[in-house]
Structure formats: C-alpha cells, structure tokens
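Line order of the protein sequences matches chains B and X.
All residue numbers for the first sequence refer to my numbering, where the first residue is 9 and numbers rise by one.
All residue numbers for the second sequence refer to my numbering, where the first residue is 129 and numbers rise by one.
Here the structure is laid out as structure tokens; the discussion comes afterwards.
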Amino acid sequence: MYDWIIDVLFWVAVVFLVGVYVSWRATRLDRLHVRVETARAALDAALVRRAAATLELAASRLLDPATSLVLATAAHEARTAGADHREFAESDLSRALRAVFDQPGFAGALADSGAGEGVLDELSAAAAKVAYARRFYNDAVSQARIARRKLLIRVLPLAGRAPLPDFFEIDDDPPEI
Amino acid sequence: MRIGIVCPYTWDVPGGVQQHIGDLAEALIALGHHVSVITPADDDAELPPYVVSAGRAVPVPYNGSVARLAFGFLSAGRVRRWINDGRFDVLHVHEPAAPSLGLLACWAADGPIVGTFHASYEKSRVVSVTAPILQSALEKITGRIAVSEAARTTLVEHLGGDAVLIPNGVATERYAMADPLPGWPGRGAPAGGVPQGPAGGEALGFLGRMDEPRKGLHVLLRAFEVLGRRRPGLRLLLAGPGDADDVVSRVSRDLRDRVVALGMVSEEDKVRAYHSVDVFVAPNLGGESFGIVLAEAMAAGAPILASDIEAFDRVLRGGRAGALFPVGDHEALAAAAAELLDDPARRKQLSAEARAAVRAYDWSSVARDVLRVYETVAFESAGVVESGPAVFRDGA
C-alpha cells in the first residue's frame with residue numbers, strides 16, 4: 009500500500025539525477041566559453057604587442073627609410089583595422105615582417121649594430137606568441153563549437169546568449185629573426 | 129614565474145619523458161624561475177631538489193608497452209595538496225592523456241594549464257573508447273604543445289583541436305665529449321676523428337629498452353647474425369633497461385662472445401657508450417615521437433643508422449645527418465651498416481652533419497619557446513587554483 013511512495017521516490021531520484029547531469033554539462037560548457045574568452049584576450053594582447061614591437065623597430069632609426077615605412081604602415085593598419093578587416097591586416101603584417109627579415113643578412117646586420125638586439129628579441133618573442141596564442145584560441149573555439157553542436161545543448165538553452173565563437177584565421181608564420 | 133610540472137611516469141626508471149622534464153626544469157631554473165616537479169617515485173629514490181614524490185607507481189600495460197603509472201585516491205590527494213601549496217602561475221602537464229598524475233592534475237586544477245603530448249600512435253580502438261573519458265579533463269588545458277609533427281597529428285586525430293609544435297631539447301654539450309668505454313674502439317675527440325682507437329675492431333651500438341619490441345632490438349640482432357659472420361672483428365654494444373642475459377641468449381652461440389649487453393647504465397657511461405661505437409643503430413619500429421636517444425647520439429657525433437620512420441627522417445634531415453634504412457628490414461640494415469663501416473669518410477661527414485643538425489634542438493632554445501607558451505596562457509591570470517567538489521579537497 010506504500011507502492012506510490014516508492015514510485016514518487018523513484019521519480020524524485022530520476023529528476024535529481026537528470027538535474028545533476030544537466031548542471032554538469034552546463035558547467036562544462038561555461039568553462040569552455042570562459043576558456044575562449046581568456047584565449048581571445050591573450051590573442052588580442054599578443055597582436056597588439058607585435059604591432060607595437062614592429063612600430064618600435066620602424067621608429068628606431070636602425071633601418072633605411074623605405075623599410076621603416078613598410079613596417080610602420082603594416083603595423084598601423086593592423087592596429088587600426090576594424091573587426092571585418094582585422095584578419096587581413098594582421099596577415100599583411102606577418103608578410104611584411106617576413107619580407108623585411110628575408111632580406112639577405114638583415115637580421116645579422118641589425119644584431120651587429122648592438123642597439124638593435126633588444127628590439128629584435130622583443131619582436132621575435134612577440135611574433136612567436138602571436139602564433140601560440142592563435143593556436144590556443146582556435147583550439148578553444150573548436151572545442152566550444154563541438155560542445156555547442158551537442159543535442160542537449162541545442163534543446164535546452166544551456167549556452168545562454170553567448171555567441172557562437174569564430175575561428176581567427178591569419179597567416180602568422182613568424183619571420184626568421 | 130612559479131611553474132608546476134607534472135610527470136606521469138616514475139622517476140626511478142629512465143625514459144624520454146622523464147629526461148625531457150628534468151632537462152626542461154633545469155633550463156627553466158637556470159633562467160631564474162621557480163620550478164616544482166611532481167612525479168611517481170619509490171620512497172627511497174634519490175630525487176633532485178626540485179622534484180616531489182607522489183608515491184609509488186604501479187606497472188600497467190599502456191600504449192603498447194609496460195608503463196609505471198600512479199593513479200587512485202592517494203595519488204589524487206597528493207596532487208591536490210601539491211597544487212594548493214605550490215601557488216603556481218602555470219601548471220605544465222606532460223602526457224595528460226596517460227592514466228596517471230597528469231590526468232589527475234587536470235582534474236584537480238583550474239587556471240592556466242599547459243599540456244605537452246609526447247606519444248604518437250596509429251588510431252586504435254582503445255583510444256577511441258577512452259576519448260570521452262579524457263575529454264572533460266583535457267578540455268581544461270589552455271595551451272597544448274606537441275613534441276613532434278607525429279605527436280601533433282595523433283593529438284588532432286584523437287582529441288580534435290590543435291597544438292603548437294615545440295620539439296624536444298637535448299643538453300648537447302653534455303654529450304659532446306667523452307672517452308670510449310674501456311676495450312671499445314671509439315671515435316676519439318670530436319675534431320680528431322681517429323677512425324680506430326687503441327682497442328681496434330669495429331662496433332655497432334644500440335641504446336634503449338631491450339625488452340620492448342617497438343625499440344626494434346630484434347631487427348638489429350637478426351642483422352648481426354649475418355653481419356657478425358661476415359666481419360669477424362665486429363662487436364655489438366647494447367645498453368638500456370631490460371634483461372641483458374636474455375638478450376645475449378637470443379644470439380647464436382658462436383656470436384655470443386661478441387655481443388655485450390650492459391643493461392641499465394649510468395648517465396656518464398651512456399655518453400661514453402655513444403663515443404665507443406663506429407655506427408649507432410636506431411632500429412625502432414614506430415610509435416616514436418622524436419627519439420631523444422637519436423638526438424643524444426647526434427650530439428655525441430656518432431655516425432647514425434636509423435629506421436626510416438617519419439620522426440627519424442625529420443630529425444636526421446631526410447638522411448643527411450644520418451643514414452636511413454627501411455623500417456624492420458634486417459637485411460637492409462646489415463647492408464647499410466656494412467657500407468658505413470667500410471667508409472670512414474662518410475662516417476665522419478655524417479658525424480659532423482649530425483652535430484650541426486642537433487643544435488636546433490638544444491634545451492636553451494626549447495626552454496625559451498616553452499616560456500613563451502607559459503606567458504601566453506598565463507596572460508592576466510590569477511594563477512592555478514584547486515578545483516572540484518569539496519569532498520575531494522585535502523583528501524587522502
């Protein structure tokens with residue numbers, strides 16, 4: 009005669025377990041979103057730092073005026089580009105840096121001048137960090153996108169109003185410094 | 129920076145991953161950073177000052193060989209306490225997909241976590257089954273490093289996402305100079321290039337786990353059956369963990385006295401072993417991501433003959449810094465070895481090329497790149513903190 013109590017307890021348990029599972033999935037998704045945001049902030053910082061290091065080199069009077077102008081223009085474009093144009097401008101900066109550093113003996117001559125070494129170290133680190141930060145960002149985006157495609161996430165509004173993150177695709181091959 | 133490094137395999141048994149971690153830690157400490165390494169280790173093991181033991185490891189079959197791993201609540205508790213006490217700016221987990229401390233650390237920590245993937249293997253059923261179990265722990269890794277192109281491919285295929293490539297480092301100067309072991313021919317000083325030492329004769333060398341089929345020792349032994357009969361002065365020098373007597377007993381009776389199996393050797397004797405042979409053979413069958421042994425032999429300037437697996441082909445610059453033979457082919461190995469033994473000029477050239485090629489893998493340049501990864505993931509972060517349900521905290 010207490011059968012109904014067993015039934016009720018059973019359903020309470022089911023609802024509880026489903027709740028725990030859904031909340032775990034939501035936490036995981038939230039963590040992925042946070043990771044995307046953190047990675048994006050690191051990527052933006054790396055890009056800004058690279059542009060700044062490039063401008064510093066362009067303004068250093070260590071280069072000929074034509075080279076300075078190429079670098080300064082590319083760095084300025086990258087820093088001021090709007091969201092639509094950003095990926096192109098940053099790729100152009102990578103290409104400009106490679107074009108400059110690919111000149112025979114360029115890095116060596118700059119390093120020999122003594123004063124250039126600090127700037128070169130900074131630029132080399134900044135360029136490498138752009139490549140790292142972009143990999144880590146895209147890695148986070150791909151995992152967040154996979155998670156967002158799961159049925160449970162699409163049916164229940166677990167993602168809230170967070171926008172679906174986009175990959176950041178640029179040519180980021182660093183120059184050989 | 130305060131850096132916490134997690135080693136999945138026991139410290140007492142030498143291996144590529146352990147060596148990688150030790151060298152990386154020392155390079156980072158030399159650059160002025162605070163480094164703590166947690167690893168499975170026997171209680172009475174002698175550990176460097178920067179290494180913390182998480183308790184004994186248990187031998188279990190994993191990824192085609194027997195690995196000594198640490199898992200369970202006791203290990204998990206120790207990892208949690210280490211994370212709590214360490215107040216790290218960044219946590220660096222090695223081989224996080226292995227069922228050991230790395231996975232436990234991912235589970236127990238929140239914050240900037242860097243993961244380095246060492247192994248590479250063909251897609252197997254086992255891995256597909258384990259992927260969902262690993263997923264939620266591996267999702268916490270904010271920056272992934274692969275030590276080779278093959279390791280990166282493995283990672284991308286099994287877990288998706290991407291990783292940056294930072295190859296293993298070699299403490300090249302540690303291997304550059306050494307006297308040959310007593311009674312072995314040796315190659316003299318690096319510049320001297322004396323083709324035959326005081327003991328005379330010829331020698332082939334092998335270094336690696338003798339009891340692990342993937343290292344391909346059996347291919348070399350079969351080649352020696354042919355080669356040893358043709359060249360009466362030729363001897364074989366084997367070093368590495370494993371049952372030495374068992375290996376020697378697998379060689380034909382008449383050749384046995386020319387096969388010397390040293391078993392596990394000290395770091396110092398290992399370097400001398402590289403300098404004791406005319407040709408260093410790396411007959412590995414695969415599953416090798418980089419081959420730290422190969423790079424050490426290169427740093428020692430040993431003329432190298434290696435199987436043409438992808439990783440070796442890349443490190444040896446497509447055959448310029450060491451001769452290659454088709455993987456698993458003992459006849460080709462014997463033929464190529466004979467050719468090298470008859471051609472001292474070619475050996476000298478390979479030796480010089482190898483020394484030059486290995487410079488790109490020196491630890492100082494690797495540590496610099498790894499630091500850049502740390503700085504990227506730790507950007508504006510408050511550091512590594514303990515995570516997970518309260519019931520597990522301060523447990524065990």
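All C-beta atoms, glycine included, are put in the ideal place defined by N, C-alpha and C.
Q | For R93(X), the first and last residue of its enclosing beta strand (DSSP E) | A | Only positions 129 to 524 of chain X appear in the structure, and residue 93(X) is not among them; the question remains open.
Q: Quick one: list the residues of chain X neighbouring K137(B), beta-carbon separation under 8 Å, in chain order.
A: Neighbours of K137(B) across chain X, judged by C-beta separation under 8 Å: R500, E503 and T504.
Q: Confirm, please, whether the CB-CB distance from V405(X) to A465(X) is below 7 Å.
A: Cβ distance not < 7 Å, so A465(X) and V405(X) don't count as in contact.
**Q.** chain B contacts from the region 286–301 of chain X (Cβ-Cβ distance under 8 Å)
**A.** Against chain B - using a Cβ distance shorter than 8 Å - the residues of the region 286–301 of chain X are G288, G289, D290, A291 and V292.
Q) Using CA coordinates, which residue listed in R69(B), W32(B), F144(B) and L70(B) is at the minimum distance from G289(X)? A) With distances taken between Cα atoms, G289(X) lies closest to F144(B).
Q) Based on Cα-Cα distance, which residue from A198(X), V165(X), A173(X) and G271(X) lies nearest to V242(X)? A) Out of A198(X), V165(X), A173(X) and G271(X), G271(X) has the C-alpha closest to the C-alpha of V242(X).
**Q.** Spatially closest choice to V387(X) from F334(X), R475(X), K343(X) and G344(X), by CA coordinates
**A.** V387(X) has its Cα closest to that of F334(X), out of F334(X), R475(X), K343(X) and G344(X).
Q | Beta-carbon neighbours of L40(B), restricted to chain X and to distances below 7 Å | A | Result: E267.
Q.
So, for G329(X): in the same chain, excluding its five sequence neighbours on each side, which residues have a beta-carbon less than 8 Å away from its beta-carbon?
A. Once the five neighbours on either side are set aside, the close Cβ partners of G329(X) are P313, G361, L362 and R363.
Q: Measure from the alpha carbon of P431(X) to the alpha carbon of each residue in R381(X), V407(X), G511(X) and G446(X), then state which is nearest.
A: If we check each option's Cα against that of P431(X), V407(X) comes out closest.
Q.
Please report the straight-line C-alpha distance between G456(X) and G344(X), rounded to a whole angstrom.
A. Spanning the two alpha carbons is a distance of roughly 7 Å.
**Q.** V13(B) versus R184(X) - alpha carbon distance
**A.** Per the sequence shown, the amino acid found at residue 13(B) is Ile instead of Val. Spanning the two alpha carbons is a distance of roughly 49 Å.
**Q.** When A480(X), A204(X) and H458(X) are compared against A449(X), the one with the closest alpha-carbon
**A.** The residue with the shortest Cα to Cα distance from A449(X) is A480(X).
Q | L302(X): first and last residue of the uninterrupted alpha helix (DSSP H) it sits in | A | The identity of residue 302(X) in the sequence shown is Arg, whereas the question assumes Leu. Start and end: T300 to A304.
Q: Use the C-beta contact count for D522(X): other C-beta atoms within 10 angstroms, 16 or more gives buried, fewer gives exposed.
A: Only weak support exists for where D522(X) lies, its pLDDT of 45 falling under 50; the value from the coordinates is given anyway. Result: exposed.
Q.
How far does the beta strand (DSSP E) with S164(X) in it extend, from its first residue to its last?
A. Where S164(X) is concerned, the enclosing beta strand (DSSP E) stretches over H162 to T167.
**Q.** Proximal chain X residues relative to D147(B), where beta-carbon distance stays under 9 Å
**A.** In chain order, I269, T270, G271, R272, G288, G289, D290 and A291 make up the part of chain X whose C-beta sits under 9 Å from the C-beta of D147(B).
Q. Looking at F245(X) and L293(X), is the spacing between their C-beta atoms short of 7 Å?
A. For the 7 Å CB-CB criterion, L293(X) and F245(X) do not form a contact.
Q. Exposed or buried, F176(B), counting other C-beta atoms within 10 Å across all chains shown (16 or more means buried)?
A. Buried, by the Cβ-count rule.
Q | Other residues of its chain near L383(X): CB distance less than 6 Å, five sequence neighbours each side excluded | A | Here the set comprises G356.
Q: Given a cut-off of 7 Å, decide if I131(X) and V218(X) are closer than it, judged by their beta-carbon atoms.
A: Taking 7 Å as the cut-off, the beta carbon of V218(X) is found closer than this to the beta carbon of I131(X).
(Q) Using only the alpha-carbon positions, how far apart do A61(B) and A135(B) sit? (A) Across the structure, A61(B) and A135(B) are spaced so that their CA atoms are roughly 9 Å apart.
Q. Where does S380(X) land, buried or exposed, given buried means 16+ other C-beta within 10 angstroms?
A. Per the 10 Å Cβ criterion, exposed.
Q) Smallest Cα separation from M426(X): which of H148(X), S377(X), V399(X) and C234(X)? A) For the residues H148(X), S377(X), V399(X) and C234(X), the minimum Cα distance to M426(X) belongs to V399(X).
**Q.** Spatial distance of L287(X) from R474(X) (CA atoms)
**A.** When rounded, the distance between both Cα atoms is 43 Å.
Q: Could you name the residues that DSSP lists as bridge partners for E481(X)?
A: Partner(s): none; E481(X) has no beta bridge.
(Q) Just to confirm my understanding: we take L422(X), look at its own chain, exclude 5 residues before and 5 after, and list those with CB closer than 8 Å. What are they? (A) Same-chain partners within the cutoff: A410, I432, A434, F440, V443, L444 and G450.
Q | the region 99–117 of chain B contacting the region 149–158 of chain B, beta-carbon criterion three pairs below 8 Å | A | Because the criterion of three Cβ pairs below 8 Å is not met, the region 99–117 of chain B and the region 149–158 of chain B do not touch.
Q: Under 6 Å Cβ to Cβ from R43(B), same chain only, skipping five residues before and after it: list those, please.
A: Around R43(B): A148.
Q: Compare the Cα-Cα distances from S68(B) to each of R48(B), K137(B) and E125(B) and report the closest residue.
A: Per the C-alpha coordinates, the member of R48(B), K137(B) and E125(B) positioned closest to S68(B) is E125(B).
(Q) Considering Cα atoms alone, identify which of H148(X), E223(X), P168(X) and A299(X) is closest to R196(X). (A) Residue P168(X) holds the alpha-carbon nearest to the alpha-carbon of R196(X) among H148(X), E223(X), P168(X) and A299(X).
**Q.** Interface residues of chain X facing S150(B) [CB-CB closer than 8 Å]
**A.** Residues of chain X passing the Cβ test: G288, G289 and D290.
**Q.** Interface residues of chain X facing R36(B) [CB-CB closer than 8 Å]
**A.** Neighbours of R36(B) on chain X, chain order: S264 and E267.
Q. Per the contact definition of three or more C-beta pairs closer than 8 Å, is the region 133–153 of chain X in contact with the region 161–178 of chain B?
A. The answer is no - the region 133–153 of chain X does not touch the region 161–178 of chain B, with fewer than three Cβ pairs under 8 Å.
Q | Q147(X) in three-state terms, based on DSSP | A | Shown here, Q147(X) sits in a helix according to DSSP, grouped into three states.
Q | Minimum Cβ-Cβ distance from F216(X) to chain B less than 7 Å | A | Taking Cβ atoms only, chain B never reaches closer than 7 Å to F216(X), which makes this a no.
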